[in-house]
Amino acid sequence: MSLVRVAKDASALMRLAAEEVAERAETAVAERGRFFLALAGGATPKRLYLLLADPRGPYFTRVPWDKTDIFFGDERHVHPDDPESNYGMARAALLSRVPVRPEHVHRIRAEDTNADAVAADYERELRRTFGSKPGELPRFDLVLLGLGQDGHTASLFPGSDALDATEKLVLAPYVERLRTHRITLALPVLNAARAVVFLVSGAEKAEKVAEVLEGAGSALPAARIKPSGGELTWLLDAPAAALLGGAGARPPA
Ligand code: 6PG
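Its first residue numbered 6, the sequence shown is counted upward by one per residue in my numbering.
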């Protein structure tokens, strides 16, 4: 069962998301002493990261940055200084602005031209940080995800073999449409999280939001996100929620 919350506009949506991050961080540190967070890439979350990092805002002091480990749900196969880099975006909007420990920022080293080696390296980093033994899944406290207009999430694209991977934690699928490799956490890792939050803004996402949330048996990658022992929350602005029918339609938060 997923919780759907609709904000009246993108600004309200980012405040909802920042509140979610702060609450999950406070709970994780209170219960276990650390907060393991996987950031989403793309353009949408940049405003969230800037809001979290605003020293005059209510979230900067609420998140225990010194007890936070930051990972990435996926990465483009580019150098961190490339404008396409998800790490580069997060570094500019968040990581360079908050007191997270450098050794707790776990970057996907996507500058290596061998994408499979990048994925294997990141899988080792995941296992080392979480102390995961073979067969065990690292369990994030919070995974932030976006939704592509084709229904992809992280770098799990429609029709990709990566959707059926069960052994590996990190994959390096070749994405035909983009004519490039991507590096992505595998579905089992995403679904092992204590909480997964989709952050979706804009009318161009409305059709896929409705298909994932209300379409019977959607095969879209985003519809495969079903955290078995965790909570799934969709945070939408009104344009992204516009095609949700009856039960799905909710007053703007
Ligand atoms: C990426 C993301 C991807 C993203 C969606 C939505 O690397 O691009 O991880 O899954 O979340 O494509 O992207 P926008 O927020 O730019 O619409």
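Using N, Cα and C, we set each Cβ at its ideal position, and we do this for glycine too. Keep in mind it's a predicted model, so treat the numbers as computed, not measured.
Going straight from the alpha carbon of residue i to that of residue j, what length do you get?
i: A211; j: A23; result: 22 Å
i: A15; j: E25; result: 15 Å
i: L8; j: D242; result: 14 Å
i: R37; j: A167; result: 32 Å
i: A17; j: H186; result: 34 Å
i: A170; j: T32; result: 31 Å
i: R10; j: E219; result: 15 Å
i: A122; j: E128; result: 10 Å
i: G164; j: P60; result: 42 Å
i: F65; j: T189; result: 28 Å
i: N91; j: A120; result: 16 Å
i: A246; j: F162; result: 22 Å
i: E12; j: L248; result: A small fix is needed here, since residue 12 is Ala in this sequence, not Glu. Spanning the two alpha carbons is a distance of roughly 14 Å.
i: P244; j: E216; result: 15 Å
i: A27; j: E116; result: 31 Å
i: P226; j: A58; result: 30 Å
i: A125; j: L142; result: 15 Å
i: G78; j: N196; result: 12 Å
For residue i, which option in the options has the closest C-alpha, if you only look at C-alpha atoms?
i: R29; options: D86, N91, F41; result: F41
i: G151; options: G235, V11, T49; result: T49
i: K231; options: P244, A247, A198, S206; result: A198
i: I113; options: E89, F76, A191; result: F76
i: P193; options: P85, D87, V175, A35; result: V175
i: A43; options: S165, H82, V148, G207; result: V148
i: E172; options: A228, K138, R81, F145; result: K138
i: G250; options: F135, A228, E89, V214; result: V214
i: T118; options: A191, R81, L55; result: R81
i: T134; options: S233, F145, L183; result: F145
So what's residue i in DSSP terms, helix, strand or just coil?
i: L21; result: helix
i: Y179; result: strand
i: T171; result: coil
i: T189; result: strand
i: D14; result: coil
i: E80; result: strand
i: E28; result: helix
i: E89; result: coil
i: A43; result: strand
i: V201; result: strand
i: V217; result: helix
i: D166; result: helix
i: V68; result: coil
i: L161; result: strand
i: L147; result: strand
Any beta carbon from chain D within less than 8 Å of residue i's own beta carbon?
i: G156; result: Among the chains of the structure shown, chain D does not appear; only one protein chain is present.
Given 8 Å as the limit, is there contact between the segment 149-156 and the segment 88-99, that is, 3 or more CB pairs closer than that? no
Between the segment 225-242 and the segment 191-205, can you find at least three pairs of beta-carbon atoms closer than 8 Å? yes
Please give me, in chain order, every unbroken run of the alpha helix (DSSP H) with length at least 4 that falls completely inside the segment 96-140. 120-135
Segment contact flag, the segment 62-75 with the segment 108-128, C-beta cutoff 8 Å, min 3 pairs: yes
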